[in-house]
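Using our numbering, read the sequence shown as starting at 804 and increasing by one per residue. Quick notes on the structure that follows.
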Amino acid sequence: MEINIEYKDFTERALQVISNPEKQEQIVLAINQHEKRMKDGLNQYDKLSVVRQRAGYLKNKVINELDRYLIEFEDNFLSNGGKVIWARDANEAKIEIKKIIKKNQITRIVKSKSMVTEEISLNQTLKNAGVEVIESDTADFIAQLAGERLNHMGTPNQVYSNEEVAELLHTKLGATEHLTSLEITGFTKEYLSEKIASAEMSITGCNFLVSDIGGIAITENESNALTTMSLPKIQLIVAGIDMLIPSMENLDLFWPLLASYQVGQPVTAYNSIITGPKKEGERVGPEELILILIDNGRSNVLELEKQRQSLTCIGCGACANVCPVYKLVGGATYGTTYQGPIGAIITPFMKDFDSFKHLSYASTLCGKCDAVCPVNIPLHNLLLNNRNYAVKKGFVTSGESRRIRWMTKAMSSRKLLDMPGSTLKNMFIRFSMKKSWGNQRHLPTTAPKSFNQLLKEKS
């Protein structure tokens, strides 16, 4: 595999995490807690396999007829009084958002959790434009204070200890030292409430776009999204074109399923459906509701019949929590918005495939992600398809291709396999695998005599 800057950074970050016992302990603790909660949340289902099949069927139906459902959604959303802006990529989306900010002279924006705004690096763009952006989700707010990327789709603060958060609040915001977890919650709530009350515009993500009613479905536990939508005059929603579900009736399937896999609850505390701006007689809500619908490489995935199924993801992050690689290196190591198996599949198509092809190799292909996916995405097969795509597009070096051909030829012939002695075989292993496997791994050695040779001698 050709080493590029993204791959180099990935391996360096991975080594830092692997070499840090404290980080390792935090990752393992957070994942173990999530697995226990998820197991408890899934106890509500008598026939989970049937539920997963139904959810997968509905999402696949939408993705395979995406043009029809997008048109239906847009028509209904517009009839509800909302505005829709289509963006082909991250740059186009940010240009449109900056136009809205300039037109309305916005100086402070409050945000609720949105993976798509992270995907397009919106916060940095707004900061460069002189706009203050405040994350209202506690976990995202902590990551923002730390100046770090979110490291998980569902539980983005999982690698911060209570002591680290308390120190951040003390250093950055002047909070009292050594706050307890309850005091941290109280402090952040009070701080964020003041910011939300004075914001001129809110930016939120969404969990699902509901086609038949033109609605935006949001599920959460902190009520921060509901609060940020209620107070500012302008609400901007940023969503990917793949977030559609057919009908409002499907929410009784998807909301509990997402809650069970993401946070281990039968259903989250707050579930909202936004169908338009504030209407006459209503006391709260935005006066203007704008939706940015982003492609940003999703059409590239849609064109590939096998990879298309990855767009049915509902963003629970469960596949990351069971991935052996993710468990070892954590989410921040990926250096991308979407981590774990699903992130490894879709990120190369959203960015530059050649630069991010290494993510498809950050997997043991054990299949645990397949077993846990709530919409039955065959993730490990799609990872293999990505690797195949990289080869077909010429994104691997000629040297790597030659090595694979040589190994295939040797492994297919008993005569060739036995021809070199164990000394030569061990030299080959050290020469060809030491760098790629890492300096800290003990490479295997071949036995002085193969099983085939021993069997012949015994005969």
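Each residue gets a CB set at the ideal place from its N, CA and C atoms; glycine is no exception. These numbers come from a predicted model, not from an experiment.
Taking the DSSP output, what are the residues bridged to Ala978? Here residue 978 corresponds to residue number 175 of the sequence shown, with the count starting at 1. None, per the DSSP bridge assignment.
Give me the Cα-Cα distance between Ala1250 and Ala1165, rounded to the nearest whole angstrom. Along the sequence shown, read from residue 1 onward, the residue named residue 1250 stands at position 447. Along the sequence shown, read from residue 1 onward, the residue named residue 1165 stands at position 362. Rounded to the nearest angstrom, the two C-alpha atoms are 29 Å apart.
Going along the chain, which residues of its own chain have a beta-carbon closer than 6 Å to the beta-carbon of Glu805, five neighbours each way excluded? Residue numbering aside, residue 805 sits at position 2 when the sequence shown is read from its first letter. Confidence at Glu805 is low in this model, with a pLDDT of 47, below 50, so the placement of that residue should be treated as unreliable; the coordinate-derived value is given next. Contacts found: Thr1200.
If we ignore side chains and look at the alpha-carbon of each, how far apart do Gly859 and Gly1043 end up? Position 56 of the sequence shown, counted from the start, is the residue given in the question as residue 859. Position 240 of the sequence shown, counted from the start, is the residue given in the question as residue 1043. Taking the straight line from one Cα to the other gives about 18 Å.
Pair within 9 Å by beta-carbon distance, Glu1003 and Ile912: Taking the sequence shown and counting its residues from 1, the one referred to as residue 1003 is at position 200. Taking the sequence shown and counting its residues from 1, the one referred to as residue 912 is at position 109. Contact: yes.
Identify the residues that DSSP records as bridge partners of Gly936: which are they? Residue 936 sits at position 133 when you count from the first residue of the sequence shown. In the sequence under discussion, the amino acid at residue 936 is Val, which differs from the Gly named in the question. Looking at the DSSP assignment, Val936 forms a beta bridge with Ile912.
Only counting the same chain, and skipping five residues up and downstream in sequence, which positions put a Cβ closer than 7 Å to that of Phe880? In the sequence shown, the residue the question calls residue 880 occupies position 77. Once the five neighbours on either side are set aside, the close Cβ partners of Phe880 are Val887, Gly1017, Leu1094.
What runs of the beta strand (DSSP E), each 3 residues or longer, lie entirely inside the region 1074 to 1113? Along the region 1074 to 1113, the beta strand (DSSP E) occurs as fully enclosed runs of 3 or more residues at 1091 to 1097, listed in sequence order.
Whether Asn1103 touches Met1046 by CB criterion (9 Å): The sequence position of residue 1103 within the sequence shown is 300, counting from 1. The sequence position of residue 1046 within the sequence shown is 243, counting from 1. Not closer than 9 Å, so no.
Please work out which residues of its chain come closer than 7 Å, Cβ to Cβ, to Asn1255, disregarding the five sequence neighbours upstream and downstream, and give them in chain order. As a working mapping, residue 1255 is identified with position 452 in the sequence shown. Excluding sequence neighbours, Asn1255 sits near Arg1217, Asp1221.
Alpha carbon to alpha carbon, what distance is there between Gly1133 and Thr772? The chain is shown from 804 up to 1262; residue 772 falls before or after that span and cannot be answered.
Measure from the alpha carbon of Gln1112 to the alpha carbon of each residue in Glu1085, Asn965, Cys1172, Val1178, then state which is nearest. Numbered from its first residue, the sequence shown carries residue 1112 at position 309. For the residues Glu1085, Asn965, Cys1172, Val1178, the minimum Cα distance to Gln1112 belongs to Val1178.
Would you report the Cα separation of Ala890 and Ile1006, rounded to the nearest angstrom? In the sequence shown, counting from the first residue as 1, residue 890 sits at position 87. In the sequence shown, counting from the first residue as 1, residue 1006 sits at position 203. Cα to Cα, Ala890 sits roughly 16 Å from Ile1006.
Same chain only: Cβ atoms within 7 Å of Val853, ignoring 5 sequence neighbours per side: The residue given as residue 853 occupies position 50 in the sequence shown. Within the same chain, Val853 has no close Cβ partners at all.
Between the region 1024 to 1039 and the region 1073 to 1087, are three or more C-beta pairs nearer than 8 Å? yes
Under a three-way DSSP split, which group does Phe1011 fall into? As a position in the sequence shown, residue 1011 is number 208, starting the count at 1. Of the three classes helix, strand and coil, the one that applies to Phe1011 here is strand, per DSSP.
Can you name the start and end residues of the beta strand (DSSP E) that Gly1043 belongs to? The sequence position of residue 1043 within the sequence shown is 240, counting from 1. From DSSP, the beta strand (DSSP E) with Gly1043 extends over 1037 to 1043.
Inter-stretch contact at 8 Å, needing at least 3 Cβ pairs: the region 898 to 911 / the region 1116 to 1126: No contact exists between the region 898 to 911 and the region 1116 to 1126.
Judging by CA-CA distance, which residue of Pro1247, Arg1205, Ser1063, Ser1158 is the nearest neighbour of Gly844? Here residue 844 corresponds to residue number 41 of the sequence shown, with the count starting at 1. Residue Ser1063 is the option with its Cα nearest to Gly844.
Rounded C-alpha distance that separates Tyr810 from Ser1158: The sequence position of residue 810 within the sequence shown is 7, counting from 1. The sequence position of residue 1158 within the sequence shown is 355, counting from 1. Cα to Cα, the separation comes out at about 7 Å.
Cβ pair count under 8 Å reaching 3, the region 1136 to 1146 against the region 827 to 843: No: the two stretches stay apart, fewer than three of their Cβ pairs being nearer than 8 Å.
Can you have a look at Phe1234 and say buried or exposed, based on whether 16 or more other CB atoms are within 10 angstroms of its CB? Here residue 1234 corresponds to residue number 431 of the sequence shown, with the count starting at 1. Under this definition Phe1234 is an exposed residue.
Report the CB separation of Tyr1269 from Ile945 in whole angstroms; it is logged as a contact under 8 Å. The chain is shown only over 804 to 1262; residue 1269 falls outside these bounds and no answer can be derived.
If you check the beta carbons only, do Glu922 and Ile1097 fall under 9 Å apart? Taking the first residue of the sequence shown as position 1, residue 922 is located at position 119. Taking the first residue of the sequence shown as position 1, residue 1097 is located at position 294. Yes; because the gap between Cβ atoms is below 9 Å, this pair is in contact.
Restricting to Cα atoms, I'd like to know which of Lys862, Ile937, Ala942 is closest to Leu995. On the sequence shown, residue 995 is found 192 positions in, with the first residue counted as 1. The candidate whose alpha carbon is nearest that of Leu995 is Ile937.
Buried or exposed for Thr983, please, with buried defined as at least 16 other CB atoms from any protein chain shown within 10 angstroms of its CB. As a position in the sequence shown, residue 983 is number 180, starting the count at 1. Its Cβ having fewer than 16 others within 10 Å, Thr983 is exposed.
Cβ-based burial, Ser1163 [other Cβ within 10 Å; buried from 16]: By one-based count along the sequence shown, residue 1163 stands at place 360. Its Cβ being crowded by 16 or more others within 10 Å, Ser1163 is buried.
With the cut-off set at 9 Å, would you say Lys750 and Leu929 are in Cβ contact? No information on residue 750 is available, as it lies outside the stretch 804 to 1262 that the chain covers here.
Contact with chain D by Gly1084, beta-carbon distance below 9 Å: Here there is only one protein chain, and chain D is not present.
Chain-order list of residues whose beta-carbon lies under 6 Å from that of Asn960 (same chain, five-residue window excluded): Numbered from 1 along the sequence shown, position 157 holds the residue referred to as residue 960. Only weak support is given to the placement of Asn960: the predicted model assigns it a pLDDT of 47, under 50, and the value that follows is read from those uncertain coordinates. Only Ala942, Ile945 meet the Cβ criterion.
So Ile1016 is in the alpha helix (DSSP H); what residue range does that whole segment cover? Along the sequence shown, read from residue 1 onward, the residue named residue 1016 stands at position 213. First-last for Ile1016: undefined, no H or E at that position.
Alpha carbon of Gln1142 to alpha carbon of Ala1121, nearest angstrom: Sequence index remark: in the sequence shown, residue 1142 carries index 339 (1-based). Sequence index remark: in the sequence shown, residue 1121 carries index 318 (1-based). Looking at the two C-alpha atoms, the distance is approximately 11 Å.
Please classify Lys1196 as buried or exposed, where buried requires at least 16 other C-beta atoms within 10 Å of its C-beta. Sequence index remark: in the sequence shown, residue 1196 carries index 393 (1-based). It counts as exposed.
For Met1214, the three-state DSSP class (helix, strand or coil): Here residue 1214 is taken as the residue at index 411 of the sequence shown, counted from 1. In the structure shown, Met1214 falls within a helical segment according to DSSP collapsed to helix, strand and coil.
Assuming contact is defined by CB atoms lying nearer than 9 Å, are Ser939 and Ile999 in contact in what I supplied? Here residue 939 is taken as the residue at index 136 of the sequence shown, counted from 1. Here residue 999 is taken as the residue at index 196 of the sequence shown, counted from 1. For Ser939 and Ile999, yes; Cβs fall inside 9 Å.
Exposed or buried, Pro1151, counting other C-beta atoms within 10 Å across all chains shown (16 or more means buried)? The residue given as residue 1151 occupies position 348 in the sequence shown. Answer is buried; the Cβ neighbour count reaches 16.
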